[in-house]
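First the structure, in the form of structure tokens, and then the observations on it.
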Amino acid sequence: MEMNLFIAYIGIAVMVGLSGIGSAYGVTIAGNAAIGALKKNDTAFGNFLVLTALPGTQGLYGFAGYFMFQTIFGVLTPAITGIQAAAVLGAGIALGLVALFSAIRQGQVCANGIAAIGQGHNVFGNTLILAVFPELYAIVALAATFLMGSALVA
1 MEMNLFIAYI
11 GIAVMVGLSG
21 IGSAYGVTIA
31 GNAAIGALKK
41 NDTAFGNFLV
51 LTALPGTQGL
61 YGFAGYFMFQ
71 TIFGVLTPAI
81 TGIQAAAVLG
91 AGIALGLVAL
101 FSAIRQGQVC
111 ANGIAAIGQG
121 HNVFGNTLIL
131 AVFPELYAIV
141 ALAATFLMGS
151 ALVA
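Heads up: the sequence shown at position 1 corresponds to 1 in UniProt numbering, and the numbers run straight through without jumps.
See the structure below:
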């Protein structure tokens with residue numbers, strides 16, 4: 001039914017859109033900190049680059065969720081049922097929101113690490129470790145999306 005497919009694609013749009021917005025915000029937060037820190041320590045650009053890129057992964061998770069529903073589970077067809085469409089919508093909302101906030105908060109953690117490195121502190125490794133914590137919840141949301149998709153084709 002076409003309405004079911006429409007509902008499912010709303011979920012996909014939310015998933016990809018919110019995760020992408022979160023990543024854009026997160027990398028901008030960290031990138032702004034990197035620009036400021038480069039004024040004090042221009043030799044640490046490689047570290048700043050890695051820390052700035054980290055919040056970009058959540059946007060990839062949103063795309064991975066879409067890829068799973070389209071390719072792996074194959075439910076994004078005109079034959080999609082109402083239950084399948086609702087599951088895609090739910091997964092899209094869940095992954096989109098978690099990735100949005102995870103990326104923003106990870107960008108803030110990375111920005112603080114970048115500022116500290118800019119001031120001469122050796123905290124790159126510690127910052128990487130601490131930046132994993134917000135990322136973990138986006139990974140959990142992606143795993144939940146996978147499990148929801150798996151249940152649709154079982």
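We put the CB at the ideal spot given by N, CA and C, even for glycine.
Closer than 6 Å by C-beta to Ala87: which residues in its own chain qualify, once you throw out the five before and the five after it? Chain order, please.
The residue you call residue 87 lines up with position 87 of the sequence shown. Excluding sequence neighbours, Ala87 sits near Met148 and Leu152.
Measure the beta-carbon distance from Ala33 to Ala115 and round it to whole angstroms, keeping in mind my assumption that it falls under 8 Å.
Within the sequence shown, numbered from 1, the residue matching residue 33 stands at position 33. Within the sequence shown, numbered from 1, the residue matching residue 115 stands at position 115. 5 Å between Cβ atoms; contact.
Quick check: what's the CA-CA separation for Val109 versus Gly17?
Reading the sequence shown from its first residue, position 109 is the one you call residue 109. Reading the sequence shown from its first residue, position 17 is the one you call residue 17. Rounded to whole angstroms, Val109 to Gly17 spans 22 Å at the Cα level.
Does the beta-carbon distance from Ala138 to Leu54 come in below 9 Å?
Here residue 138 is taken as the residue at index 138 of the sequence shown, counted from 1. Here residue 54 is taken as the residue at index 54 of the sequence shown, counted from 1. Contact flag unset, no.
DSSP three-state call for Phe45: helix, strand or coil?
Within the sequence shown, numbered from 1, the residue matching residue 45 stands at position 45. Note: Phe45 maps to helix in three-state DSSP.
Contacting residues, own chain, Cβ-Cβ under 7 Å from Ile21 (five flanking each side not counted)
As a position in the sequence shown, residue 21 is number 21, starting the count at 1. Excluding positions up to five away in sequence, the list reads Leu100.
Where Phe73 sits in the DSSP three-state scheme
Stepping through the sequence shown from its first residue, residue 73 is reached at position 73. If DSSP states are grouped into helix, strand and coil, Phe73 belongs with coil.
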